[in-house]
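Colleague:
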């Protein structure tokens with residue numbers, strides 16, 4: 026995740042440019058499935074349909 030650390034060092038204007046181009050990429054057909062999943066997950070989070078840390082570990086039997 027070093028790439029994300031680089032983003033924290035950018036000025037706000039440059040971060041906006043990166044976000045703009047990332048959105049363009051996500052609109053491409055090859056990313057449609059990922060984009061759809063992200064939108065569905067956002068809705069789940071907004072409704073509070075998320076797992077707690079403990080629930081995840083229980084599901085993994087750890």
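Residue numbers (the numbering used here): 26 to 87. Positions of the beta carbon are idealized from the N, C-alpha and C atoms, including for glycine.
1. By how many angstroms is the C-alpha of residue 46 removed from the C-alpha of residue 60?
2. Quick one: using the 10 Å Cβ neighbour count with 16 as the cut-off for buried, is residue 83 buried or exposed?
3. In this structure, how does DSSP classify residue 66 when only helix, strand and coil are distinguished?
4. Determine the DSSP secondary structure at residue 30, reduced to helix, strand or coil.
5. How many Å lie between residue 33 and residue 43 at the Cα?
Modeller: A quick look at the data gives this:
1. Taking the chain shown and counting its residues from 1, the one referred to as residue 60 is at position 35. Taking the chain shown and counting its residues from 1, the one referred to as residue 46 is at position 21. The straight-line gap from Cα to Cα measures roughly 14 Å.
2. Numbered from its first residue, the chain shown carries residue 83 at position 58. That one is exposed.
3. To locate residue 66, count along the chain shown from 1; it is residue 41. Looking at residue 66 - three-state DSSP - the assignment turns out to be helix.
4. If you number the chain shown from 1, residue 30 lands on position 5. In the structure shown, residue 30 sits in a helix (DSSP, three-state: H, G or I).
5. Position 8 of the chain shown, counted from the start, is the residue given in the question as residue 33. Position 18 of the chain shown, counted from the start, is the residue given in the question as residue 43. Whole-angstrom Cα-Cα distance: 12 Å.
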